[in-house]
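Written below as structure tokens is the structure these notes are about.
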Amino acid sequence: MAIPRNIDVGVAMPESVPPEASVHLLPPSGGHSVATPSGQAEVVDLRRYRLSRLIRDAGRQQGELAKLMRDSARERTQLAEALQGAQRHLASIADNYKVLLVRLKREKDFRDACQEAAELDDLEEMIRRRDALALELEAIRCMPRGAAGG
């Protein structure tokens, strides 16, 4: 059964369908619609049309989802790189902190040793200890970065 173009069939046609397209309803038996006398009418099964629209929309959404996933993966990679950089920086800070702690302990030991030597009232022993500790302290201060051994 052919429906003339100027009759509203109560179906809103999407923008993607050209306005000049004919809409023919198929009989409920699933048979073919009757073509217009000219034999050139375009037949659209609304169920198939809706299905094809859903498939096309799903494909578009799948493409958008794939793009979002690629963007998300790129952002995760950038975040991972930034976190690795921060981790390296924090490790460097921790190493420097260890070196400083070793230096502070050695300097405290130096002061304590000098104090002990001064309490002995032995000037030569105080000078000997001071010189030995000064050499050790200089070695600590010249220690390369990151070497926190003691």
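Numbering (the numbering used here), first residue to last: 1 to 150. All C-beta atoms in this analysis are idealised placements derived from N, C-alpha and C, irrespective of residue type, glycine included.
- The beta carbon of residue 62 sits closer than 8 Å to none of the beta carbons in its chain outside the five residues before and after it.
- By the C-beta density criterion, residue 66 is exposed, having fewer than 16 other C-beta atoms within 10 angstroms.
- DSSP places residue 64 inside the alpha helix (DSSP H), whose first and last residues are 46 to 119.
- Between residue 127 and residue 102, the alpha-carbon positions lie close to 23 Å from each other.
- Annotated three-state conformation of residue 122 is coil, per DSSP.
- Taking the C-beta atoms as reference points, residue 117 is found no nearer than 7 Å to residue 106.
- Taken through DSSP and simplified to helix, strand or coil, residue 136 comes out as helix.
- Straight-line spacing of the CA atoms in residue 104 and residue 143 works out to 13 Å.
- Taking the CA atoms as reference points, residue 57 sits about 18 Å from residue 69.
- When the Cα atoms are used, residue 97 and residue 136 turn out to be separated by approximately 19 Å.
- Counting only the Cα atoms, residue 54 lies some 10 Å from residue 60.
- A check of alpha carbon separations from residue 100 across 75, 111, 121, 141 identifies 141 as the nearest.
- CA-to-CA, the gap between residue 123 and residue 114 works out to about 10 Å.
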